[in-house]
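K.L.:
Protein chains in written order, with our numbering: chain A, 1 to 226; chain B, 227 to 452.
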DNA sequence: CTGTATAGATCTACACTGTAGAGTATGGCG
DNA sequence: CGCCATACTCTACAGTGTAGATCTATACAG
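1) If we cut at 8 Å on Cβ distances, does residue 42/A have a partner in chain B?
2) Could you check how far apart the C-beta atoms of residue 70/A and residue 87/A are, in whole angstroms? I think they sit under 8 Å.
3) Please tell me whether residue 277/B has its Cβ less than 8 Å away from any Cβ of chain A.
4) Determine contact between the stretch 371-387 of chain B and the stretch 134-142 of chain A, defined as no fewer than three beta-carbon pairs at a distance below 8 Å.
5) Closer than 7 Å by beta-carbon distance: list the chain A residues that pair up with residue 330/B, in chain order.
6) Kindly indicate which three-state DSSP category residue 222/A falls into: helix, strand or coil?
7) Measuring straight from C-alpha to C-alpha, what distance separates residue 384/B and residue 5/A?
8) Between residue 106/A and residue 380/B, which are expected to be in contact by the criterion C-beta below 8 Å, what is the C-beta distance as a whole number of angstroms?
9) State buried or exposed for residue 251/B, treating a residue as buried only when at least 16 other CB atoms are found within 10 Å of its CB.
10) I think residue 180/A touches residue 360/B, with their Cβ atoms under 8 Å apart; what is that distance to the nearest whole Å?
11) How do the stretch 42-51 of chain A and the stretch 62-76 of chain A stand: do at least 3 beta-carbon pairs fall below 8 Å, yes or no?
12) Could you check the C-alpha separation between residue 115/A and residue 262/B for me, to the nearest Å?
13) Strictly below 9 Å CB to CB, what residues from chain A border residue 347/B?
14) Return yes when the Cβ of residue 430/B is within less than 8 Å of the Cβ of residue 203/A, no when it is not.
15) Compare the Cα-Cα distances from residue 138/A to each of 279/B, 416/B, 282/B and report the closest residue.
16) Can you check the stretch 68-121 of chain A for any alpha helix (DSSP H) of at least 4 residues that lies completely inside it and give the ranges in chain order?
17) Where does residue 79/A land, buried or exposed, given buried means 16+ other C-beta within 10 angstroms?
18) When the cut-off is 8 Å and only beta carbons count, does residue 135/A lie next to chain B?
19) Once you ignore the five residues that flank residue 362/B on each side, which residues in its own chain have a CB closer than 8 Å to its CB?
20) Which residues in the same chain as residue 68/A place their Cβ atom closer than 8 Å to its Cβ, once the five residues preceding and following it in sequence are excluded?
21) Just to confirm my understanding: we take residue 83/A, look at its own chain, exclude 5 residues before and 5 after, and list those with CB closer than 7 Å. What are they?
22) Quick one: what does DSSP say residue 30/A is sitting in, helix, strand or coil?
23) Measure from the alpha carbon of residue 100/A to the alpha carbon of each residue in 22/A, 184/A, 108/A, then state which is nearest.
24) Provide the residue span of the alpha helix (DSSP H) that contains residue 145/A, from first to last.
25) Determine the extent of the alpha helix (DSSP H) in which residue 204/A is found, giving its start and end residues.
26) So with CB distances below 9 Å, who are the chain A contacts of residue 356/B?
27) For residue 241/B, collect the residues of the same chain with a Cβ closer than 8 Å to its Cβ; drop the 5 residues on either side in sequence, then sort them by chain order.
28) Check whether the Cβ atoms of residue 343/B and residue 185/A sit closer than 8 Å, and answer yes or no.
29) Is it true that the CB of residue 420/B sits closer than 8 Å to the CB of residue 315/B?
30) Quick one: measure Cβ to Cβ for residue 286/B and residue 255/B, integer angstroms, because I've assumed they're closer than 8 Å.
31) Alpha carbon to alpha carbon, what distance is there between residue 246/B and residue 323/B?
32) Take residue 279/B as the anchor and find which of 330/B, 438/B, 264/B, 399/B has the nearest alpha-carbon.
33) Using DSSP with H/G/I as helix, E/B as strand and the rest coil, what is residue 273/B?
34) Please check if any C-beta of chain A sits within less than 8 Å of the C-beta of residue 248/B.
35) Quick one: list the residues of chain B neighbouring residue 193/A, beta-carbon separation under 7 Å, in chain order.
36) Using a Cβ cut-off of 8 Å, pull out every chain A residue sitting near residue 289/B, in sequence order please.
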C-alpha cells in the first residue's frame, strides 16, 4: 500500500542521512546534501521527514533501533545490563558524529521505551527496590551516554599529546596535576576504564539491594571477586 | 593598554552572547544577533572572537569561569567535591541552553585545568590511589555533566506528563514499566536524585581507598591536611 | 595647522542554509 | 479519453557565516 511505501522511503532517507553524517560530519548534513545523496530534490524530503529538526529526531530513532537488539540478550541481570551498556558505547564508536544527538534530543519512541524497560527489568531482577529502579536506570544510562560522548568529543583526551606539559605550564596553579604527572603521562585504556566504571556502578546497584541475608551474601561475594 | 582593551571588549561580547543565549535560545545566537546586541556590525566581532565556532568556545570559557569559584571552597575532601558537583549542576540551571556546550566542546583553558585539579586534589585527599584518580575524576564529572544535561534537555522527563499512560500504551512490550507504574506515577525530586547519585559515587570513591593503613599512608603522601 | 599612520568599525558581496508555495510529470482507474 | 492522487521539481525568500575592501576617527610628527 501507499502507507507502507511512505514508511520505507522515510527509512531510506534516514539511513542515507545517517551514512552521510558518519562519513562527512554533522555540519554538512544539510537538506540539500541528504537530498542529492538520495538522488532527489531537497523539497522532496519534506513529506517524509517533516523538516530538518524532525530529520535529526529520525536519526535518533535509527540509532535507538540499532541499539535495541542488545535489550534482547539473555542471561543474569548483570550480564544483560552489561550487554546494553557496552552496546551503547559501541554504538557511539560506530556513529561518532550522530551519537551526541541522543543526549540532546529526548526520544519517546517505542524503541526507547523498550530499551529503558530492559534496564528496568534487569534492575528489578537484581533485587533493587522499585522506588530506586528509575533513579538507578537514569544513573546507568547517564554514565553510558556521558562517557561515550566524552570519548567521542574528546573531552577526556584534550588534544593531547602531552597533558603532562600542559600541567607543567599551569605550574603551581595545578599542584595535583604535578603530583599525578606519572599517571597522567601514560595514555588511558578507554575500554578498561569504561568497564571499571561500569563495575563501580554494578557495585552501587548491589548496594541498593535490601539486606535480606541471602541477597547480601551474593552482593559480598560479587564485590570480593572484584 | 590596547591589549587590555581588546581583552575586555572580548569579554563584553561574550557576556552579551551568553545573555542572548540565556534569553532567547542557542538557535537565535547568530553573529548578527550578537552584534546588534553589542550595538555594532557583525563583522566588528571577528577581531575579538575569531569566528562563530570560537565564539561558542568562548561561551564555554565563560561558563567555566563562573564555575571556578566552587573549586576554591574549603573543607574536607567530600565537602569540596560535593560543592563542585552542586555548583556544576547549578550552573546548568542558570544557563540551560549554553550548558550543553560543555559536553560537546572540550576545553583546555587554564580555568578548566584548575577545576580538574581541584577534583584531583579532593580525590587524593580522600586517599584514592594515584592510578585511580583520573578515572574517578572522569566518572564524577561525567555524572555531573550528564545528569545536568539530562535534566536540561528533558531526557529524564519526556514531555508527556503521563509516562504512565505511555507505558500502558506500550502494553506488554514494556512489562517493567507496568510493574513500576506506581513509582513512575509520581514526579521525581531531581534535587534529591542528584544528591543520591552523588552519594553513590562518594561510596564508590571510598571503596577505592585502600584499607591497609600503610598503603593508604603511602597513597596520601603529603596531602594529609587541607 | 597639515599630513599621515593606525585601530576600529562598516559596507558590500557571495555561497550557503531551511523551507514556503506553486507547478509538473506519471501512473492507475473509471 | 478524462480524472485524480502521488511523487517530485522549480522558483523564491529570508537568514546564515564570513572574505575583502572601504570608511572614519583619533594620535602623533612636522
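Cβ atoms here follow ideal geometry from the backbone N, Cα and C, with glycine treated the same way.
P.N.:
Taking the definition as stated:
1) no
2) 3 Å
3) Chain A, which has no Cβ nearer than 8 Å to the Cβ of residue 277/B, makes this no.
4) yes
5) Those within 7 Å of residue 330/B in chain A are 100, 153.
6) Residue placement at residue 222/A cannot be trusted, given a pLDDT of 40 that sits under 50; what the coordinates show is reported in the next sentence. The answer is helix: DSSP assigns residue 222/A an H, G or I state.
7) 30 Å
8) 5 Å
9) Taking a 10 Å sphere around the C-beta of residue 251/B, we find fewer than 16 other C-beta atoms and assign the residue as exposed.
10) Right, the Cβ-Cβ distance comes to about 7 Å (below 8 Å), so this counts as a contact.
11) no
12) Between residue 115/A and residue 262/B, the C-alpha separation is close to 46 Å.
13) 175, 176, 179
14) Yes, the Cβ-Cβ distance between residue 203/A and residue 430/B is below 8 Å.
15) 416/B
16) 77-94, 101-104
17) Taking all protein chains shown into account, residue 79/A has fewer than 16 neighbouring C-beta atoms within 10 Å of its C-beta and is therefore exposed.
18) By this cut-off, residue 135/A is an interface position.
19) The residues 349, 354, 430, 431, 434, in chain order, have a CB closer than 8 Å to that of residue 362/B in the same chain once the five nearest residues on each side in sequence are set aside.
20) 111, 114, 115
21) 70, 73
22) Correct three-state label for residue 30/A: coil.
23) Nearest C-alpha to residue 100/A among 22/A, 184/A, 108/A: 22/A.
24) 133-153
25) 190-207
26) 179, 180, 182, 183
27) Non-local beta-carbon contacts of residue 241/B in its own chain, meaning distances under 8 Å to residues more than five positions away in sequence, involve 288 in chain order.
28) no
29) yes
30) In fact, because the Cβ distance is near 13 Å, the residues do not count as touching under 8 Å.
31) 10 Å
32) 330/B
33) helix
34) Taking Cβ atoms only, chain A never reaches closer than 8 Å to residue 248/B, which makes this a no.
35) 361
36) Within chain A, no residue comes near residue 289/B; the closest Cβ sits about 14 Å away, beyond 8 Å.
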